[in-house]
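For the sequence shown, position 344 (counting from the first letter as 1) is numbered 344 according to UniProt numbering, and the numbering increases by one without interruption. What follows is a short report on a single structure.
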Amino acid sequence: VMASMAHLQEEKLRLQGELLGLQEKLAARENDELSCSLQLQGQVESLKAKLLEQAQEIGRLRSELGGTDTEKHRDLLAAENERLRQEMKACEGELRELRQALCRDCAHQQENAELQERVAQLRREAEEVRGRLVELELEVQQKTNRLAEVELRLKDSMAERAEEEERLSRRLRDSQETIASLKSQPQQIKYIIKTVEVESAKVKQALCESQSQNQYLQEQVGMQRQVLKEMEQQLQSSQKTAAQLRAQIMMYEAELERAHGQMLEEMQAMEEEKNRAIEEAFSRAQVEMKAVHENLAGVRTNLLTLQPALRTLTHDYNSLKRQVRDFPLLLQETLRSARAEIGQAIEEVHSTNRELLRKYRRELQLRKKCHNELVRLKGNIRVFGRVRPITKEDGEGPEAANVVTFDADDDGVLHLLHKGKQVSFELDKVFPPQASQEEVFQEVQALVTSCIDGYNVCIFAYGQTGAGKTYTMEGTAANPGINQRALQLLFSEVRGKVADWDYAISVSAAEIYNEALRDLLGKEPQEKLEIKLCPDGSGQLYVPGLTELKVESVEDINKVFEFGHVNRATECTNLNEHSSRSHALLIVTVRGLDRSTGLRTTGKLNLVDLAGSERVGRSGAEGSRLREAQHINKSLSALGDVIYALRSRQGHVPFRNSKLTYLLQDSLSGDSKTLMMVQVSPATKNTSETLCSLKFAERVRSVELGPVSRRAELGSWPSHEHLEVTEGPRGPFLIPLSPGGPQGCRGHTSPSPGQLSSRAASIRRKLQTSG
Ligand code: ADP
Ligand code: MG
Numbered sequence: 001v002m003a004s005m006a007h008l009q010e011e012k013l014r015l016q017g018e019l020l021g022l023q024e025k026l027a028a029r030e031n032d033e034l035s036c037s038l039q040l041q042g043q044v045e046s047l048k049a050k051l052l053e054q055a056q057e058i059g060r061l062r063s064e065l066g067g068t069d070t071e072k073h074r075d076l077l078a079a080e081n082e083r084l085r086q087e088m089k090a091c092e093g094e095l096r097e098l099r100q101a102l103c104r105d106c107a108h109q110q111e112n113a114e115l116q117e118r119v120a121q122l123r124r125e126a127e128e129v130r131g132r133l134v135e136l137e138l139e140v141q142q143k144t145n146r147l148a149e150v151e152l153r154l155k156d157s158m159a160e161r162a163e164e165e166e167r168l169s170r171r172l173r174d175s176q177e178t179i180a181s182l183k184s185q186p187q188q189i190k191y192i193i194k195t196v197e198v199e200s201a202k203v204k205q206a207l208c209e210s211q212s213q214n215q216y217l218q219e220q221v222g223m224q225r226q227v228l229k230e231m232e233q234q235l236q237s238s239q240k241t242a243a244q245l246r247a248q249i250m251m252y253e254a255e256l257e258r259a260h261g262q263m264l265e266e267m268q269a270m271e272e273e274k275n276r277a278i279e280e281a282f283s284r285a286q287v288e289m290k291a292v293h294e295n296l297a298g299v300r301t302n303l304l305t306l307q308p309a310l311r312t313l314t315h316d317y318n319s320l321k322r323q324v325r326d327f328p329l330l331l332q333e334t335l336r337s338a339r340a341e342i343g344q345a346i347e348e349v350h351s352t353n354r355e356l357l358r359k360y361r362r363e364l365q366l367r368k369k370c371h372n373e374l375v376r377l378k379g380n381i382r383v384f385g386r387v388r389p390i391t392k393e394d395g396e397g398p399e400a401a402n403v404v405t406f407d408a409d410d411d412g413v414l415h416l417l418h419k420g421k422q423v424s425f426e427l428d429k430v431f432p433p434q435a436s437q438e439e440v441f442q443e444v445q446a447l448v449t450s451c452i453d454g455y456n457v458c459i460f461a462y463g464q465t466g467a468g469k470t471y472t473m474e475g476t477a478a479n480p481g482i483n484q485r486a487l488q489l490l491f492s493e494v495r496g497k498v499a500d501w502d503y504a505i506s507v508s509a510a511e512i513y514n515e516a517l518r519d520l521l522g523k524e525p526q527e528k529l530e531i532k533l534c535p536d537g538s539g540q541l542y543v544p545g546l547t548e549l550k551v552e553s554v555e556d557i558n559k560v561f562e563f564g565h566v567n568r569a570t571e572c573t574n575l576n577e578h579s580s581r582s583h584a585l586l587i588v589t590v591r592g593l594d595r596s597t598g599l600r601t602t603g604k605l606n607l608v609d610l611a612g613s614e615r616v617g618r619s620g621a622e623g624s625r626l627r628e629a630q631h632i633n634k635s636l637s638a639l640g641d642v643i644y645a646l647r648s649r650q651g652h653v654p655f656r657n658s659k660l661t662y663l664l665q666d667s668l669s670g671d672s673k674t675l676m677m678v679q680v681s682p683a684t685k686n687t688s689e690t691l692c693s694l695k696f697a698e699r700v701r702s703v704e705l706g707p708v709s710r711r712a713e714l715g716s717w718p719s720h721e722h723l724e725v726t727e728g729p730r731g732p733f734l735i736p737l738s739p740g741g742p743q744g745c746r747g748h749t750s751p752s753p754g755q756l757s758s759r760a761a762s763i764r765r766k767l768q769t770s771g
């Protein structure tokens, strides 16, 4: 055991030595590892520094190469380009100005040179930028190379470390194995083993720490690698940007080149234009200059001639000045004399006017006298003919053929075709079928107005039934005849004289049928009225009970006509037949008073629609028809007799032979005017009646009534010689138609019976002397 003990001791010492060795080795390993880790740390540090440096380098490179600067440069170039373009535009404007103004001195050449210089400079700058770009690329290449080297080295050191680790771990395994083998040794050794184990745990811990550190370092290296990769990517992208920028630069350059080319061309063109314009301007200026020279010469000569004119003008001006100074005085004097002259002239004109007015009045009176004389000369019975148109009632065929023709040159001649022969008649006027109511009335209106002046007027419509008598006298509602037109005219005439005269117009309407006189406006139309002699012995006639209505307007007349028609119609079974067998009378009385002279006038207008003139009796009519025909024949021939007696100036005029002539005695005799409107039908079947009517017309036309005179009762009118003027207070002289009796008519001062009789006697005397 001792031996084994010694052996063990020995072994223990050996092991202790060995342990010491191991410890020393461990310490050395630790130192080694420490230094190694320090070295690694230093390496990592240096790598970090290098990375930093590289990052800075890349930053620097990027800022050098970098988008910002290039972009700035590009923007600068673009701005420059824009500026150049604007300059070019300005140049064009100037060129236009130059073309207009054709200025000689221009600074464009200099500007051109400057521009060219600037273009060259820009080019140089672009060149420089390109060079710098190449340098930067080189640098980038170098850096990449260096980076690759560093990477290689890093790989090597890592491999070394891996080897070292391998080695250390092998040794550890060996030691562990040794420890394990030692453990399996006897108990004595256990303690040592324990200590070794304790110590080896420490070693293990240190190893673990170094391993963890190693891991950390590896992670760091991985991170660094990643950073490196990112940097590479960044480098690549910056390279790409650089390539793009380069392409842009190229593009700009090309554009610059093009712009420059254009500019050169334009400059060339401008130069040519300028030269041409200058030449033109020069030639024009020369021509103008020549003209100006000529003008100058003319002006010079003008100036020479103007000088004496100026002298005379100055002289004139001076004299005018003197005149102007004297003018107000002269003017005043002239005005004074002119005023006096004008006053005198006005006075003369006034007196001339007065004289003229006096003469005018005299002429006016003379004219009236002449007019009356003319009417007298024309005769106071006038006969007109009116031919109605052929109507439907005439039927058709040869019976309705026209037999009446007219003379184109003489409106008083009418031809009738009778038994194959043409018979001609001469009347005062003939109205053809187409003559209007208006035209007919125009020929009648002078007669109507003379009624206002105090003349008695009779207008008869004569002719066979259906020849147009009623049409002419009454007309239709739309186209009225003489009756209504006459009253309208009277109203308007009277209105025109209202300043000096007072007028009263009244109407009566009567009918004579079978020699019986009836009032158409009375309350009892069937009552037969009598024509009576005034009981005062004046010889005046009046109709007691005949209604006389005062009319003042057209409405009044219409009412009167309507009333008359109604009365007439109620009295007979067949109005048409009845009216053709009776005479219808409208008696209009116009009474006037001249307020200034007191002259009174009375005029009567008798409008008579006669009964049909056809000879019925001869065709063997009987009874009432025969009686009617006899009465009509009697009254119409009485009218003819009266006219004949008057014409032949017989002492006795048979007025009393018919009611009609007896009633109209006053309006037919002496101072009256008569119009006979002979109506004829142009139809063949009426030829014989037409012939009779026209013969009657011719007979009547040849009769002269006495000279026309105006019935005047008071005052005098010197221009009317034929006016009857008597002395003393007068009253109206008329057939009093009103029921008021013979003493006078309504609204007028009535004369005493004695006065009337003396007045009537004087009139009768006058009538007899005039025939
Ligand atoms: P009288 O009274 O003579 O018997 P009318 O006046 O009654 O005749 O006329 C007979 C017809 O002839 C009526 O229908 C009338 O309208 C027509 N007539 C007469 N004269 C004319 C004329 N000038 N224009 C148109 N029609 C007329
Ligand atoms: Mg009739």
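Cβ atoms here follow ideal geometry from the backbone N, Cα and C, with glycine treated the same way.
Identified DSSP bridge partners for residue i
{"i": "residue 778", "result": "Not covered by the structure: residue 778. The range shown for the chain is 1 to 771."}
{"i": "I512", "result": "L517 and H583"}
{"i": "G603", "result": "V590"}
{"i": "A504", "result": "R591"}
{"i": "V404", "result": "L416"}
{"i": "Y542", "result": "K532"}
{"i": "T674", "result": "I381 and C458"}
Residue i - DSSP class collapsed to helix/strand/coil
{"i": "H293", "result": "helix"}
{"i": "A611", "result": "coil"}
{"i": "Q9", "result": "helix"}
{"i": "L734", "result": "In this prediction, L734 scores a pLDDT of 26, lower than 50, which makes its location untrustworthy; no coordinate-derived value is stated."}
{"i": "K550", "result": "strand"}
{"i": "K497", "result": "coil"}
{"i": "H565", "result": "helix"}
{"i": "D32", "result": "helix"}
{"i": "G658", "result": "First, the amino acid is wrong: residue 658 is Ser here, not Gly. Correct three-state label for S658: coil."}
{"i": "T684", "result": "helix"}
{"i": "E396", "result": "coil"}
{"i": "G537", "result": "coil"}
{"i": "H578", "result": "helix"}
{"i": "V119", "result": "helix"}
{"i": "L691", "result": "helix"}
{"i": "H260", "result": "helix"}
{"i": "Q526", "result": "coil"}
{"i": "residue 808", "result": "As shown, the chain starts at 1 and ends at 771. That puts residue 808 outside it, with no answer to give."}
Check: residue i C-beta below 8 Å from any heavy atom of the ligand MG
{"i": "S580", "result": "yes"}
{"i": "T465", "result": "yes"}
{"i": "D609", "result": "yes"}
Anticipated Cβ contact below 8 Å, residue i with residue j, distance rounded
{"i": "A504", "j": "R388", "result": "The Cβ separation is near 36 Å, so there is no contact."}
{"i": "residue 772", "j": "N402", "result": "Given that the chain is displayed from residue 1 to residue 771, the structure contains no residue 772 and the question cannot be resolved."}
{"i": "A638", "j": "S667", "result": "Between S667 and A638 the Cβ distance is about 15 Å, and since that is not below 8 Å, they are no contact."}
{"i": "D453", "j": "T601", "result": "6 Å"}
{"i": "V653", "j": "S669", "result": "7 Å"}
Check: residue i C-beta below 8 Å from any heavy atom of the ligand ADP
{"i": "K469", "result": "yes"}
{"i": "residue 774", "result": "With the chain running from 1 to 771 in the structure shown, residue 774 is simply not present."}
{"i": "E439", "result": "no"}
{"i": "P682", "result": "no"}
{"i": "residue 775", "result": "Any answer about residue 775 is impossible in this case: the structure gives the chain only from 1 up to 771."}
{"i": "T391", "result": "yes"}
{"i": "R701", "result": "no"}
{"i": "R568", "result": "no"}
{"i": "P525", "result": "no"}
{"i": "T352", "result": "no"}
{"i": "A478", "result": "no"}
Distance cut-off 8 Å: residue i Cβ against heavy atoms of the ligand ATP
{"i": "R361", "result": "Within the structure as shown, the ligand ATP is missing, the only ligands being the ligand ADP and the ligand MG."}
* Taking only runs that begin and end inside the stretch 421–484, name each unbroken beta strand (DSSP E) of 3 or more residues, in chain order. => Those beta strand (DSSP E) runs which fall completely within the stretch 421–484 and span 3+ residues are 421–426, 429–431 and 457–462.
* **Any alpha helix (DSSP H) of 4 or more consecutive residues that is wholly inside the stretch 133–181** => Here no run is fully enclosed.
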